[in-house]
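Input: a single structure, listed below in structure tokens.
Protein chains in written order, with our numbering: chain A, 315 to 425; chain B, 49 to 163.
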């Protein structure tokens with residue numbers, strides 16, 4: 315069975331600094347997708363970034379980038395130049411057909 | 049265009065009652081997913097539809113839970129004889145198709161509280 319593990323229940327960062335959120339997963343599949351979602355208090359899950367497992371190049375979306383290590387089954391999210399609006403729960407997720415989520419990391423951003 | 053909408057936003061019910069939760073997907077999205085998010089946890093898959101049919105219902109916890117999508121658009125999640133352990137946020141998502149590369153767009157969820 316596929317599992318997703320986020321070992322950091324909470325993280326904090328100062329505005330304008332960089333923070334990295336960790337995620338590991340377990341699967342026997344070779345073709346899959348990995349995602350980071352942001353969930354603010356409004357509950358709406360918002361896609362931050364996605365990575366296709368067959369692509370070696372790490373995905374980047376503006377201030378958000380990933381470090382994808384397929385052999386190690388690791389998929390961390392780096393947020394650069396953190397902003398107050400980045401404060402939220404962040405979920406790592408794995409997908410073949412349905413999404414399998416980790417338990418989340420609460421990110422606090424301090425001014 | 050409008051995103052995924054879910055009604056009601058909040059639902060409070062008593063143990064043993066029946067509830068229905070509604071999801072309106074993005075127009076044209078053929079795949080629709082239901083997830084349940086308990087307090088302090090990530091969302092857990094319940095069921096997904098491709099068109100009108102349930103393609104995978106392996107996440108439904110027991111036979112008190114049932115979902116339908118009769119016309120391939122709106123879906124209703126039905127919970128019979130509710131229990132306190134059913135209290136959670138129920139999230140709905142839709143996507144253009146069921147392939148892994150299709151992004152799932154989420155609704156704001158329904159918070160169900162069973163007293």
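All C-beta atoms in this analysis are idealised placements derived from N, C-alpha and C, irrespective of residue type, glycine included.
None of these values were measured; they are calculated from a predicted model.
> Helix, strand or coil: which one does DSSP assign to residue 133 of chain B?
Replying inline: Translated into the one-based positions of the second chain, residue 133 of chain B becomes position 85. In the structure shown, residue 133 of chain B sits in a helix (DSSP, three-state: H, G or I).
> Rounded to the nearest angstrom, how far is the Cβ of residue 406 of chain A from that of residue 416 of chain A, given a contact under 8 Å?
Replying inline: Position 92 of the first chain, counting from 1, holds the residue named residue 406 of chain A. Position 102 of the first chain, counting from 1, holds the residue named residue 416 of chain A. Indeed, because the Cβ distance is near 4 Å, the residues count as touching under 8 Å.
> What separation, rounded to the nearest whole angstrom, lies between the Cα atoms of residue 107 of chain B and residue 89 of chain B?
Replying inline: Along the second chain, read from residue 1 onward, the residue named residue 107 of chain B stands at position 59. Along the second chain, read from residue 1 onward, the residue named residue 89 of chain B stands at position 41. So the two alpha carbons sit approximately 15 Å from each other.
> Identify the residues that DSSP records as bridge partners of residue 84 of chain B: which are they?
Replying inline: The residue you call residue 84 of chain B lines up with position 36 of the second chain. Its beta-bridge partners are B/92 and B/138.
> According to DSSP, what are the bridge partners of residue 327 of chain A?
Replying inline: Residue mapping note: residue 327 of chain A aligns to position 13 of the first chain, counting from 1. Partner(s): A/423.
> Would you report the Cα separation of residue 138 of chain B and residue 385 of chain A, rounded to the nearest angstrom?
Replying inline: Taking the first residue of the second chain as position 1, residue 138 of chain B is located at position 90. Taking the first residue of the first chain as position 1, residue 385 of chain A is located at position 71. In a straight line, the C-alpha of residue 138 of chain B is about 34 Å away from that of residue 385 of chain A.
> CA-CA distance, residue 343 of chain A and residue 62 of chain B?
Replying inline: On the first chain, position 29 is the one that residue 343 of chain A refers to. On the second chain, position 14 is the one that residue 62 of chain B refers to. If you take the alpha carbons of residue 343 of chain A and residue 62 of chain B, they lie about 43 Å apart.
> Per DSSP, which one or two residues make a beta bridge with residue 361 of chain A?
Replying inline: Position 47 of the first chain holds residue 361 of chain A. In DSSP, residue 361 of chain A forms a bridge with A/351.
> Relative to the C-alpha of residue 75 of chain B, which residue among B/65, B/55, B/87 and B/50 is closest?
Replying inline: Taking the first residue of the second chain as 1, we reach residue 75 of chain B at position 27. When each option's Cα is compared against that of residue 75 of chain B, the closest is B/50.
> From residue 412 of chain A to residue 140 of chain B, what does the alpha carbon distance come to, in whole angstroms?
Replying inline: Mapped onto the first chain, residue 412 of chain A falls at position 98. Mapped onto the second chain, residue 140 of chain B falls at position 92. Each residue's Cα considered, the two are about 12 Å apart.
>> Checking 8 Å against the spacing of the C-beta atoms, do residue 52 of chain B and residue 160 of chain B come in under that value?
In response: Against the second chain, residue 52 of chain B aligns to sequence position 4. Against the second chain, residue 160 of chain B aligns to sequence position 112. No, they are not a contact pair.
> Between residue 104 of chain B and the rest of its own chain, which residues show a CB-CB distance below 6 Å, the 5 nearest in sequence each way excluded?
Replying inline: Within the second chain, the letter at position 56 stands for residue 104 of chain B. Only 96 meet the Cβ criterion.
> If you check the beta carbons only, do residue 361 of chain A and residue 378 of chain A fall under 8 Å apart?
Replying inline: The residue you call residue 361 of chain A lines up with position 47 of the first chain. The residue you call residue 378 of chain A lines up with position 64 of the first chain. No, they are not a contact pair.
> When burial is assigned at 16 or more other CB atoms within 10 Å of the CB, is residue 133 of chain B buried or exposed?
Replying inline: Mapped onto the second chain, residue 133 of chain B falls at position 85. The residue in question, residue 133 of chain B, is exposed, as its Cβ has fewer than 16 Cβ neighbours within 10 Å.
> If we call anything under 8 Å between Cβ atoms a contact, is residue 125 of chain B one with residue 60 of chain B?
Replying inline: Here residue 125 of chain B is taken as the residue at index 77 of the second chain, counted from 1. Here residue 60 of chain B is taken as the residue at index 12 of the second chain, counted from 1. No, the Cβ-Cβ distance between residue 125 of chain B and residue 60 of chain B is not below 8 Å.
> Which one of A/421, A/408 and A/403 has the shortest CA to CA distance from residue 149 of chain B?
Replying inline: Taking the first residue of the second chain as position 1, residue 149 of chain B is located at position 101. Checking every option, the nearest Cα to that of residue 149 of chain B belongs to A/408.
>> Residues of chain B with CB closer than 8 Å to the CB of residue 412 of chain A, please, in chain order.
In response: Against the first chain, residue 412 of chain A aligns to sequence position 98. Going along chain B in sequence order, the residues near residue 412 of chain A (Cβ under 8 Å) are 81, 93, 96, 104 and 107.
> Is the distance from the Cβ of residue 98 of chain B to the Cβ of residue 91 of chain B below 8 Å?
Replying inline: Reading the second chain from its first residue, position 50 is the one you call residue 98 of chain B. Reading the second chain from its first residue, position 43 is the one you call residue 91 of chain B. For residue 98 of chain B and residue 91 of chain B, no; Cβs fall outside 8 Å.
> Which partner residues does residue 177 of chain B have in the DSSP bridge list?
Replying inline: Since the first residue shown for chain B is 49 and the last is 163, residue 177 of chain B is missing from the structure and cannot be characterised.
> When DSSP labels each residue in this structure, what does residue 411 of chain A get in the three-state scheme?
Replying inline: For this step, residue 411 of chain A is matched to residue 97 along the first chain. Coil.
> Going along the chain, which residues of the region 333-355 of chain A sit with their C-beta nearer than 9 Å to a C-beta in chain B?
Replying inline: 345, 346, 347, 349, 351 and 353
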